[in-house]
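One structure is given here, and the rest of the page talks about it.
In the numbering used here, the protein residues as written are 253 to 363.
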C-alpha cells in the first residue's frame, strides 16, 4: 500500500541525506550522470565499503535507485526532479551573503 509522506518527513529524509559530505558528493555526481559503485568510490576517493553504506542510506531516504545492467548495478537519482532541486538549493545558498549567519551560530553549532 502506497502512502504519501508528510512534508516534514520528506524534508527530514532530504536533510539526513545532505548531512554528510560524502552523501552530498554522491548526489552531485549522480546529478551529472548515473554511475556504478566502483566508479563512484574511485572518483570520490572513498572505500567501496564506505560508499556502499552511504548508498544504502540514500536508497533508504528514497533519493537514489538501482538499475541492473548485466552483472553490474548502476545507481541514479530516484527522480530527475532531485537534480533540479539540488541545483536550486545550491543557487539559493550561494545567493545568500556569506557573512550572514545566525547570531548564535557558535552556540547552536549551525550556519
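We put the CB at the ideal spot given by N, CA and C, even for glycine.
Decide if residue 306 is buried, meaning its Cβ has at least 16 other Cβ atoms within 10 Å, or exposed. buried
Residues bridged to residue 319 (per DSSP): 326
Residue 253 classed as buried or exposed, judged by whether at least 16 other C-beta atoms fall within 10 angstroms: Only weak support exists for where residue 253 lies, its pLDDT of 48 falling under 50; the value from the coordinates is given anyway. The residue in question, residue 253, is exposed, as its Cβ has fewer than 16 Cβ neighbours within 10 Å.
Only counting runs of 4 or more residues, tell me where the alpha helix (DSSP H) segments fall wholly within the stretch 263 to 313, in order along the chain. 273 to 284, 289 to 296 and 300 to 312
Helix or strand or just coil, what does DSSP make of residue 259? helix
Take every Cβ of the stretch 338 to 347, pair it with every Cβ of the stretch 303 to 321, and state whether three or more of those distances are shorter than 8 Å. no
On the CB-based measure, 16 or more other CB atoms within 10 Å of its CB, does residue 269 come out buried or exposed? buried
Measuring CA to CA, which of 332, 346, 345 and 344 is closest to residue 286? 332
Can we say the stretch 272 to 286 touches the stretch 295 to 313, given the rule of at least three CB pairs closer than 8 Å? yes
Are the CB atoms of residue 327 and residue 345 within a distance shorter than 8 Å? no
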